[in-house]
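Undergrad:
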Amino acid sequence: MRRMQAEFVNFRNRTQREREGDRDRAVASVVEALLPVMDDIHWAREHGDLAEGTPFAAIADKLEQTLERFGVKRVGEVGEVFDPTVHEALMHMPADSPGVELPEGTTEMTIVQVMQPGFVVNDKVVRAARVAVADPA
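Per numbering that gives the first Met the number 0, the sequence shown starts with residue 0, numbered consecutively.
The following block contains the structure:
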């Protein structure tokens, strides 16, 4: 009897893990389909084309908030420490290059420019952020 109970508990735990994995894969699939839209929103904000208080800004905010509820996070911001598990370095710049500003006291390779933001779903990388990095002097 105990063996059957243990098998049932193991079965229940395994199916729960499988359901969570299926859910994460489904969310990642939707996020992959939405990546071009998320990129357009990001670049519109960066270039000032998506002014706060406009209807499109409200829609963009709702979309981003909805994705956050499902564990979707944007990665790759200027000033972040470079992490090869979530960032893809496309360019390495000297710290004394024009336009490169590292935060004071930086001791690690740091992102100085984001070419394309990345996305993770519950700590699983959907797309690595494409960035330029610089080493401290």
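Ideal Cβ positions, reconstructed from N, Cα and C, are used throughout, including at glycine.
From the DSSP output, which residues share a beta bridge with residue 118?
TA: Within the DSSP secondary-structure output, residue 118 pairs in a beta bridge with 73 and 126.
Undergrad: What residue from 26, 56 and 123 has the CA that sits closest to residue 86's CA?
TA: 123
Undergrad: Is the stretch 64 to 83 in contact with the stretch 97 to 108, if contact means three or more CB pairs nearer than 8 Å?
TA: yes
Undergrad: First and last residue of the beta strand (DSSP E) that includes residue 19?
TA: It is not in any beta strand (DSSP E) - residue 19 instead sits in the alpha helix (DSSP H) that spans 1 to 45.
Undergrad: Could you compute how far the alpha carbon of residue 73 sits from the alpha carbon of residue 96?
TA: 27 Å
Undergrad: Just tell me which of 13, 114, 129 and 125 has its CA closest to the CA of residue 70.
TA: 125
Undergrad: Using CA coordinates, which residue listed in 119, 54 and 114 is at the minimum distance from residue 132?
TA: From the listed residues 119, 54 and 114, the smallest Cα separation to residue 132 is found for 114.
Undergrad: Reducing DSSP to helix, strand and coil, say where residue 84 ends up.
TA: coil
Undergrad: Could you name the residues of the same chain whose beta carbon sits closer than 8 Å to that of residue 89, not counting the 5 residues immediately before and after it, in chain order?
TA: 114, 129, 130 and 131
Undergrad: Report the CB separation of residue 116 from residue 41 in whole angstroms; it is logged as a contact under 8 Å.
TA: Between residue 41 and residue 116 the Cβ distance is about 6 Å, and since that is below 8 Å, they are a contact.
Undergrad: Give the C-beta separation of residue 27 and residue 120 to the nearest angstrom, bearing in mind that I take them to be a contact with Cβ-Cβ under 8 Å.
TA: About 5 Å; that satisfies the 8 Å criterion.
Undergrad: Under DSSP, the alpha helix (DSSP H) around residue 65 begins and ends at which residues?
TA: 54 to 68
Undergrad: Can residue 56 and residue 66 be called in contact, C-beta distance under 7 Å?
TA: At least 7 Å separates the beta-carbon of residue 56 from that of residue 66.
Undergrad: Any beta carbon from chain E within less than 7 Å of residue 108's own beta carbon?
TA: No chain E is part of this structure, which consists of one protein chain only.
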